[in-house]
Each structure stands twice: as structure tokens, then as C-alpha cells.
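Residue numbers (my numbering): 87 to 210. Heads up, the beta-carbon is just placed ideally off N, CA and C, and yes, glycines get one too. Everything numeric in this text was worked out from a predicted model, so none of it was measured. Written out below as C-alpha cells is the structure these notes cover.
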């Protein structure tokens, strides 16, 4: 069985560390990136091996909205943000992101989403 990767994208190291622990608790291997540009490089490097992307929306260089636009739904992406002014409905409605989770969230909320969306075509 080949390894299943989940890519965690956030400009805050502490968030990346916590999400890495959560993802790995489900048996996935976590890859991490500080921004959308780094994420795209990892998606290219691990072509076809990443089951899911979990990305913050507000980041320097390339934000989460730009990242999901580039990825166009593959791999599936869960967006997250602590800001309430972010309009994610357009991103989700165009099919480029699977779901949105507002920070702060409980660990079990994210784990349920990872299990739901990794390797599936399900949406929220």
C-alpha cells in the first residue's frame, strides 16, 4: 500500500505543528508549507500522492484562495480561516474547495473532515 499524504498549508508554524499531529494520528503522512507557492511545489513533487490539502486562506505570497484556484479541486482542499470577513462561498461553490472550517476549531471537527474528504469526491 502506498503512503497517503495530507498537505497542511499555513503561515503559522504552531498551526502547522498541531495539524501535523492530528493528520498523522489518522495514519497519514503530513507535508507542510508556509504559503501557496510552497504548497504548489509540494503538489508537483508528490504528484498523485497527496490525498488532501488543508489550507489557511490568509497567507503571504500566495493565499489559500489563489492556491485552490490553481489546484482546481485536485487534490481536494479544506480551507480554514480565523477571519469572519472571508467569502469562501464562491470558492466552494465553484468546486475548487471541498469545505471551510472556521478557526479555532476542535480537533475532532478537523479529523472528521479529513476522514470524509481524503480520497473522495464528497463535499460539505
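Residue i classed as buried or exposed, judged by whether at least 16 other C-beta atoms fall within 10 angstroms
i	result
residue 142	buried
residue 169	exposed
residue 184	buried
residue 102	buried
Supposed close pair residue i, residue j - CB separation, criterion 8 Å
i	j	result
residue 197	residue 161	Not quite, the Cβ-Cβ distance comes to about 18 Å (not below 8 Å), so this is no contact.
Own chain, CB closer than 7 Å to residue i, minus 5 neighbours either side, in chain order
i	result
residue 112	197, 200, 201
residue 189	166, 167, 168
Residue i and residue j closer than 8 Å at C-beta
i	j	result
residue 150	residue 122	yes
residue 148	residue 97	no
residue 178	residue 164	no
residue 157	residue 129	yes
Cutoff 8 Å; reference residue i; Cβ partners in own chain excluding five residues on either side
i	result
residue 106	94, 116, 118
residue 90	113, 114, 115, 135, 137, 204, 205
residue 195	187
Sequence-distant residues of its chain with Cβ nearer than 6 Å to residue i (five each side left out)
i	result
residue 153	122, 125, 141
residue 99	none
residue 193	108
residue 120	97
Residue ranges of each alpha helix (DSSP H) run of no fewer than 4 residues wholly in the stretch 95-181, ordered along the chain? Runs of the alpha helix (DSSP H) inside the stretch 95-181: 99-111, 122-131, 150-157, 175-179.
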